[in-house]
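Below is one structure, written out as structure tokens; comments come after it.
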Amino acid sequence: MRLFGKVAEFSAAFALFVLVVMTIGAVFMRYFIGQPLQWTEEMSGMLMIWVVMLGGVVAERDRAHLTIPFLMEMLPGKHRRVIAVLVAVLSITLLLYMAWLGYRLAEMAQFKVTQILKVSWFWIDLAVPVGALATAIYTLYWLIHDIKQSDSGEKMQ
């Protein structure tokens with residue numbers, strides 16, 4: 291799981307770096323040189339989709355998604371565990387459904403290409419199933435981890 295997370299983190303960071311450098315370059319070319327780079331808008335949209343989906347994977351890996359612990363802390367320990375498991379199972383189910391729909395979308399768009407760069411929309415839309423599936427894997431990982439921890443007497447997150 292460690293390598294899996296590092297690949298997602300590196301990919302998201304690299305895509306974000308390219309996005310920032312490209313955007314700065316595009317602004318410089320447009321306003322200081324007077325020669326706008328037409329392809330940068332298209333490329334920034336593509337990269338943004340991948341950054342968001344891979345960033346979601348990294349956030350799940352680090353357990354950095356927004357939660358409302360106040361509600362969980364109001365419940366007794368046994369109920370807290372049941373609710374945490376239900377939330378994780380529901381999240382995994384929705385993420386798998388999202389991955390399936392995202393792959394169907396990518397398949398339908400495989401022969402459609404972007405206007406300037408002529409990149410197949412398949413590769414752009416593939417970010418959704420890749421990100422959703424990877425996030426589901428981390429959600430399952432944390433669910434199993436928490437169940438093992440709670441069985442040993444530790445508090446479930």
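With the numbering used here applied, the sequence shown covers 291 to 447.
For glycine and all other residues, C-beta sits at the position ideal for the given N, C-alpha and C.
Just so you know, these numbers come straight off a predicted model, no measurement behind them.
>> Rounded to the nearest angstrom, what separates M362 and V418 at their Cα positions?
In response: 30 angstroms
> Is it right to say V341 is buried, meaning 16 or more other beta carbons lie within 10 angstroms of its own, or is it exposed?
Replying inline: buried
> Using 8 angstroms as the threshold, is the region 402–413 in touch with the region 356–374, meaning 3 or more CB pairs across them?
Replying inline: no
> Rounded to the nearest angstrom, how far is the Cβ of G421 from that of M343, given a contact under 8 angstroms?
Replying inline: 3 angstroms
>> Out of R353, G346, V377, which one is the CA nearest neighbour of A302?
In response: G346
> Is there contact here, the region 377–390 with the region 426–435, by at least three beta-carbon pairs under 8 angstroms?
Replying inline: yes
> If you check the beta carbons only, do A399 and D415 fall under 9 angstroms apart?
Replying inline: yes
> Which residues bound the alpha helix (DSSP H) around Y428?
Replying inline: 417–441
> I think S334 touches T357, with their Cβ atoms under 8 angstroms apart; what is that distance to the nearest whole Å?
Replying inline: That belief does not hold up - the Cβ atoms of S334 and T357 are roughly 31 angstroms apart, past 8 angstroms.
> Are there 16 or more other CB atoms within 10 angstroms of the CB of L309, so buried, or fewer, so exposed?
Replying inline: buried
> For the candidate residues F322, P359, V317, I373, whose alpha-carbon lies nearest to that of L433?
Replying inline: I373
>> Which residues does DSSP list as the beta-bridge partners of V403?
In response: S410
> To which residues of the same chain is M338 closer than 7 angstroms at the C-beta, ignoring the five residues directly before and after it?
Replying inline: L309
>> Given this structure, state the Cα-to-Cα distance separating V317 from A298, to the nearest angstrom.
In response: 28 angstroms
>> Beta-carbon within less than 7 angstroms of Y393's beta-carbon, same chain only, minus the 5 sequence neighbours each way: which residues are those?
In response: P419
> At which residues does the alpha helix (DSSP H) containing Y321 begin and terminate?
Replying inline: It is not in any alpha helix (DSSP H) - Y321 carries neither H nor E in the DSSP assignment.
>> Distance check for Q405 and Q325, CA to CA, integer angstroms please.
In response: 19 angstroms
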